[in-house]
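K.L.:
Dumping the structure here so I can ask a few things about it.
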Amino acid sequence: MSIALNPSFYTHVPAEKMQALAHFRERLHYEQALIAGQTWDYLLAGNGTETILMLPGVGGDADTLFRYIAGFGEYFQVIAPNVPPTIQRLEDVAAGLHALLAIEKIRRVHVFGMSFGGALAQLFVRRFPQVVDDVVITHTALPDPQSAARIQMQRWFFRLSPAFVLRDALRRTFQQAIQRAIIPQIDPTERAFWQAYFAEFYAVRFRKAALLTRVRLLHEYYAMPPFPNTDLQYWKGRVLIIESDQDEVIDEGQRGALKALYPAAYVQTLEQYGHLATLLASDTLMLSVRKFLLTQQETA
């Protein structure tokens, strides 16, 4: 299964940015696997001896991570799945990811999760610590009752909204967030590219069922009991936390709680950056993650 790029959405974007995405989509096609009655779509790239399991946030999908997949594919094998829209529980997501790795004969992974993907990464390492070497989590938080209540209100709005209304509302919200995003010294064409990308995404690939599933799972995550301080005491891997000090989604208290749970973690704080740094400052994040993981390779 492949994704065709529609150039009409990218008329105000430099040709080289559009062509990079088009080239990525021409080279990679979604693989499919049937796991416990659920159809998993996933991208598989690179041919390194080590593998990165890459988990996207709520607002996009595996294709949204195309720069990371292409960049890390030079050093690692990368597998980037989409959560099936028919899946019911977080436990099913973790089990499905583990089964997907088995299908691809992947014995160990570095897990890289962004925002909601960072929540999944934390769950996965607790459920299957024996297959995880390292965890990288960016712009994410821990279970939190207040966040659960906020997400529950969003679920109510999303369920009641017709798909076409929801599509337009989310497209405008994302594009406005990109325009307002706090990213120092950003090239204006980078904002233009991602605004065009999400215009295409919501016009062509948005599915209400997929969104409702992700939001339901996010609510389940935030409503969970707190993680015990000792549940990873026998796991030998490392954690890298990347955060933004101006994150408009994950507040200072949530960022502090995350770092307190992982006191041995390496932490990079992006100063004067917001939540969308994972998209708009991908080069900065890739450099940090690559250094973290390749340092481990060199000392292994």
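Going by the numbering used here, the sequence shown runs without a break in its numbering and finishes at 302. Backbone N, C-alpha and C define an ideal beta-carbon position, used for all residues, glycine too.
May I ask you to report which of helix, strand or coil DSSP gives tyrosine 70?
P.N.:
helix
K.L.:
Using DSSP with H/G/I as helix, E/B as strand and the rest coil, what is threonine 13?
P.N.:
Secondary structure of threonine 13 (DSSP, three-state): coil.
K.L.:
Counting beta carbon pairs with one atom in the stretch 9 to 24 and one in the stretch 47 to 54, are three or more of them shorter than 8 Å?
P.N.:
no
K.L.:
Along the chain, which unbroken stretches of the beta strand (DSSP E) at least 3 residues long are found entirely within the stretch 112 to 176?
P.N.:
134 to 140
K.L.:
Distance, Cα to Cα, arginine 110 vs leucine 272?
P.N.:
Within the model, the alpha-carbon separation for arginine 110 versus leucine 272 is close to 29 Å.
K.L.:
Candidates Tyr70, Phe68, Ile81 and Tyr275: which alpha carbon is nearest alanine 183's?
P.N.:
Tyr275
K.L.:
Whole angstroms is fine: what's the gap from glycine 62's alpha carbon to leucine 168's?
P.N.:
15 Å
K.L.:
Could you say if the stretch 188 to 207 and the stretch 168 to 177 meet the contact criterion of at least three C-beta pairs nearer than 8 Å?
P.N.:
Taking 8 Å as the limit for Cβ pairs, the verdict is that the stretch 168 to 177 does touch the stretch 188 to 207.
K.L.:
On the three-state DSSP scale, how would you describe alanine 63?
P.N.:
With the sequence shown as reference, residue 63 is identified as aspartate, and alanine is not the correct amino acid for it. Three-state DSSP puts aspartate 63 in coil, outside helix and strand.
K.L.:
For leucine 282, does the count of other Cβ atoms within 10 angstroms reach 16, so buried, or fall short, so exposed?
P.N.:
buried
K.L.:
What do you get for alanine 82, buried or exposed, if any count of 16 or more other CB atoms within 10 angstroms of its CB means buried?
P.N.:
buried
K.L.:
Can you say whether phenylalanine 166 is buried or exposed, counting buried as having 16 or more other CB atoms within 10 angstroms of its CB?
P.N.:
exposed
K.L.:
Which same chain residues end up closer than 8 Å to glycine 239 when comparing Cβ atoms and leaving out the 5 residues on each side of it in sequence?
P.N.:
Val127, Pro131, Val134, Asp135, Asp136 and Val137
K.L.:
Can you tell me whether DSSP reads serine 284 as helix, strand or coil?
P.N.:
helix
K.L.:
Which of helix, strand or coil does DSSP assign to serine 246?
P.N.:
strand
K.L.:
On the DSSP bridge assignment, give the partners of aspartate 94 in chain order.
P.N.:
Paired residue(s): none; aspartate 94 is not in a bridge.
K.L.:
Ordered along the chain, which non-local residues of its own chain (more than five positions away) have a Cβ less than 7 Å from that of phenylalanine 78?
P.N.:
Gly48, Gly50, Glu52, Thr53 and Ile54
K.L.:
Determine the burial state of valine 269: buried for a count of at least 16 other Cβ atoms within 10 Å of its Cβ, exposed for fewer.
P.N.:
With fewer than 16 other Cβ atoms within 10 Å, it is exposed.
K.L.:
Nearest to threonine 280 by alpha carbon, out of Asp249, Lys293, Ala267 and Leu296?
P.N.:
Asp249
K.L.:
Spell out a yes or no on whether the stretch 225 to 236 and the stretch 182 to 196 are touching, meaning 3 or more CB-CB pairs, one atom from each, closer than 8 Å.
P.N.:
no
K.L.:
Considering only the alpha carbon of each residue, which of Arg91, Asp65 and Gly39 lies closest to leucine 30?
P.N.:
Asp65
K.L.:
Please work out which residues of its chain come closer than 8 Å, Cβ to Cβ, to isoleucine 105, disregarding the five sequence neighbours upstream and downstream, and give them in chain order.
P.N.:
Ala35 and Ile37
K.L.:
DSSP three-state call for alanine 194: helix, strand or coil?
P.N.:
helix
K.L.:
Alpha carbon to alpha carbon, what distance is there between valine 291 and leucine 103?
P.N.:
Spanning the alpha carbons of leucine 103 and valine 291 requires a straight line of approximately 21 Å.
K.L.:
By the DSSP assignment, the beta strand (DSSP E) with valine 217 in it spans what residues?
P.N.:
No beta strand (DSSP E) holds valine 217; the alpha helix (DSSP H) holding it covers 210 to 224.
K.L.:
Whole angstroms are fine: how far does the CA of phenylalanine 114 sit from the CA of arginine 129?
P.N.:
16 Å
K.L.:
Using a Cβ-Cβ cut-off of 7 Å (strictly less than) and excluding sequence neighbours within five positions of lysine 261, which residues of its own chain qualify?
P.N.:
Ile243, Ala267 and Val269
K.L.:
For a test of the three-state rule: what should DSSP assign to isoleucine 37, helix, strand or coil?
P.N.:
strand
K.L.:
Are the beta-carbon atoms of leucine 213 and phenylalanine 294 separated by less than 8 Å?
P.N.:
no
K.L.:
Answer yes or no: do arginine 69 and glutamate 222 have a C-beta to C-beta separation smaller than 8 Å?
P.N.:
no
K.L.:
Could you pull the start and end residues of the alpha helix (DSSP H) that leucine 7 belongs to?
P.N.:
Taken as a continuous stretch (DSSP letters only), leucine 7 belongs to no alpha helix (DSSP H), as it is neither H nor E.
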